[in-house]
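Data block below; observations after.
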Amino acid sequence: MKKFTSSMLVVILFIATLFSGVSFANPDQSNSSDYIEGQLVVSIEESPSLKSIQSTDDALMKSVSLSKNGFVVADSLFGQEVGTFSAQPLDSNVRATAVEKMGLVYLIEYAVEDYESIDAAKKALKSTLDRLGLNVRYISENRKMYALETATVQDPSAQAIHNNQRWHYDMIKVSQAWGVTTGASSVRIGVLDTGIDSNHPSLSNLVNTSLGRSFAGGTTMDGHGHGTHVAGTIASYGSVSGVMQNATLIPVKVLNNNGTGTMYGIQQGILHAANVSADVINMSLGGGGYDRGIEEAIQTAVSLGTIVVAATGNDGLSSISYPAAYSSSIAVGSVTSSRTRSSFSNYGSGLELMAPGSNIYSTYPNGQYVTMSGTSMATPHVAGVIGLMKSVNPNLTPSEARNILRNTAQPAGNMNQYGYGIVDAYAAVIAAGGNVPQPIKETNTTLQTDKTVYQRGENINITSRVTDTQGNVLQGASVNFKMTRPNGTTLTNTATTNSLGVASWTITSNAQTPLGTYQILAETTLSGYSPSSAQTTLQINDSSGGGDTQAPSAPSNVMSTAKTSTSVTLSWNASTDNVGVTAYEVFNGSSLAATVTNTTATITGLTASTTYTFTVKAVDAAGNRSAASNAVTVTTDSSQPSPTSWAPGVSYKIGDDVTYGGATYKCLQAHTSMVGWEPSIVPALWLKK
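All residue numbers for the sequence shown refer to this note's numbering, where the first residue is 42 and numbers rise by one.
Here it is as structure tokens:
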């Protein structure tokens, strides 16, 4: 008989935000009459008289009594990939564990017209297998469910991360978790769904199709959309972000492009994900009530170290659906942006965690991004959190992960409606072994001299006091002093703060000390703290009393040569003096704005779209000041965002300016930055200005 091409249809657990009234199957309907006629799934204990799985396959395939009664073995879950069988190669330990827990599983087909009912066919098959000396564990029909289609709110334009995702990631504290880890490519997430669009610009770097496999026909490419949306919530980058920003997504296609699949195919998918060492399996699907084969497949995966997460269903019923209802699965329900249970989300005994599931924005095939709702959308939030946990603790076991998720969940309501609460990504990652990020500690430096004007021969006493941002003194900080003389030469010294947080420097002047204005700079460094600095000025005059008293000529032709929204650059003609000009003082109105030694100055810290009037005075070595120059009036440009330093974990939009490596770059594509995407190495995202 030709290998089957369709079987029990499995429902995708998501609902339309604009559509209602579709019913999700009662999870207790284990004997539903809605099944695929002419197909049965049978599990047989290993027979001691048959030395291998292949020999059992052969015995069944060659059985005259089976064929005489109209039964044909269409597929063997653990047999060799021969003929029409679709059995996948499994590692020996995976196969042994699976057979121990699941028995030898076969898909049997028969002619419907040969039996008056499916129960009659099941009895006949049981009798036939008994006569062959095989110990039957169970025989079940392939009950079917239909996919719940959803309307999607499509937005073909790329959106900056968190414009549409902020509320649900804030709710589960993802941004705080990213301070510990954003994920790791070593963490493998098996997405059992309609496949994944591996060409999507927010997914392509994360999807590993070589590890994936389709058990619903064709390739692992998603022709439906549900699987791509789920995958993008688990892990994605660029115009959106998943809970993880780095991971390996494994497309295990168990639902076809119509959103339907088979119980048998899902068993195959679970075993495949476990066989390729998936850390997590996400199952945003359900239907058909209890099925022993799927329960045992999940138990097999969990015993091999894979954590299984499943959606509770979308009927608003007081009992959760399968496969979430199996004790080995972590059952996830949906909440809205107001932290209340979504009206569609099933609840009741076995519910463990809640996560955002109403109006979730994520990836969609063909480079699109759409909004969907359902417990299907809530489940990948939890899968992603587990992925973050595995990033900091690769040895985390399923039971350990489950206990951490329960113990760290945010209380949301009674257990029946909300389980242990809403998942908390940050608390879960820390509990799994992540290091608590240390807050940035800062130094605060002040600088002063004992006088502002000195005579030649006097001691200049300079002190710097260092505290933290709360005003607590910091002992042991290193303060680097630099004095810049009027002629531009410098003198430096380093001192360490004492128990009062004070560092000191004393300089003795003499008869040869240059006269004029001195610039003093103090720069502080301390291990574990960010640096800080402070500066001041002082004046040294001639103490003889009979020195130079002639003031320089006033600077002339003061003009503005450049301006921005926050700065103005001025230039002027040099002044003349009988001894020599040592400095120029630039005034903003009556306030001193800058002191320079050349004939140009840039005044910063100004306000956009504001008019200022500047004048300049010349100063000689004796401290004589000239009259004011001509006044120049300048209006600053309109406001422009100041470029900030590029950093990972920041959401950038098109047109944003950043600085990196001494250069300024303009953002070409909205994205959330991550290590390895620095502007100098990703020209697709940044244009050097």
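Ideal placement from N, C-alpha and C gives every residue a C-beta, glycine not left out.
Quick caveat, the model's predicted, so the values are computed rather than measured.
- Assignment of Glu78 by DSSP, reduced to helix, strand and coil, places it in the strand class.
- Residues of the same chain with a CB within less than 6 Å of the CB of Asp697, apart from the 5 flanking positions on each side, are Cys708 in chain order.
- Rounded to the nearest whole angstrom, the CA to CA distance from Ser386 to Thr676 is 60 Å.
- Counting along the chain, no beta strand (DSSP E) covers Ser216; the unbroken alpha helix (DSSP H) around it starts and ends at Val215 to Trp219.
- Distances from the alpha-carbon of Met524 to those of Gly557, Gly498 and Thr510 put Gly557 closest.
- 8 Å or more divides the Cβ of Val295 from the Cβ of Ile322.
- When Cβ pairs closer than 8 Å are counted between the two stretches, the stretch 710 to 725 is seen to touch the stretch 683 to 701, the count reaching three or more.
- The three-state secondary structure of Met143, taken from DSSP, is helix.
- Within the same chain, and ignoring the five residues on either side of Asp263 in sequence, the residues whose Cβ sits closer than 7 Å to its Cβ are Thr235, Gly236, Ile237, Asp238, Thr269 and Pro406.
- Exclusion of the five residues before and after Thr656 leaves Phe628, Ala669, Ser670 and Ala672 as the residues of its chain whose Cβ lies within less than 6 Å of its Cβ.
- When DSSP states are grouped into helix, strand and coil, Asp583 belongs to the coil group.
- The beta carbon of Gln516 lies closer than 7 Å to those of Thr538, Asn539, Ser540 and Gly542 in the same chain, with the five residues before and after it left out.
- With a cutoff of 8 Å on beta-carbon distance, Ser226 and Asn287 are scored as near each other.
- Taking all protein chains in view, the Cβ of Gln553 is surrounded by fewer than 16 other Cβ atoms within 10 Å, so the residue is classified as exposed.
- In the three-state scheme derived from DSSP, where H, G and I count as helix and E and B as strand, Trp687 is classed as coil.
- Where Tyr706 is concerned, the enclosing beta strand (DSSP E) starts and stops at Ala704 to Cys708.
- Annotated three-state conformation of Lys492 is coil, per DSSP.
- Your pair Lys482 and Tyr570 checks out as a contact, with CB atoms roughly 5 Å apart and the cut at 8 Å.
- Annotation: Val470 is outside any beta strand (DSSP E); the continuous alpha helix (DSSP H) that includes it extends over Ala466 to Ala473.
- For Gly279, the number of other beta carbons within 10 angstroms of its own is at least 16, and it is reported as buried.
- Contact between the stretch 436 to 449 and the stretch 465 to 477 is present: 3 or more CB-CB pairs across the two stretches fall below 8 Å.
- Here DSSP, grouped into helix, strand and coil, assigns Ser133 to helix.
- An exposed status is given to Val105, since fewer than 16 other beta-carbon atoms sit within 10 Å of its beta-carbon.
- Of the residues Thr169, Ala161 and Ser568, the one whose Cα lies closest to the Cα of Lys109 is Thr169.
- DSSP places Gln560 outside any alpha helix (DSSP H); the residue lies instead in the beta strand (DSSP E), whose first and last residues are Gly557 to Thr566.
- The C-beta of Arg172 has fewer than 16 other C-beta atoms within 10 Å across all chains shown, which makes the residue exposed.
- By the neighbour-count criterion, in which 16 or more other beta carbons inside 10 Å mark a residue as buried, Lys492 falls on the exposed side.
- A distance below 8 Å separates the beta carbons of Ser417 and Ala352.
- Taking the C-beta atoms as reference points, Asn582 is found nearer than 8 Å to Gly664.
- Here Thr490 is actually not in contact with Ala575; their C-beta atoms are around 12 Å apart, not less than 8 Å.
- A contact between stretches requires three or more CB pairs, one per stretch, nearer than 8 Å, and the stretch 457 to 472 meets this requirement with the stretch 205 to 222.
- DSSP places Gln308 within a helical segment (H, G or I) once states are collapsed to three.
- Between Ala396 and Ile463, the gap from beta carbon to beta carbon is short of 8 Å.
- Ser403 and Gly512 have their C-alpha atoms roughly 46 Å apart.
- Per DSSP, Thr449 is one residue of the alpha helix (DSSP H) stretching across Pro439 to Thr449.
- Excluding sequence positions up to five before and after Gln309, its CB lies within less than 6 Å of the CB of Phe256, all in the same chain and listed in chain order.
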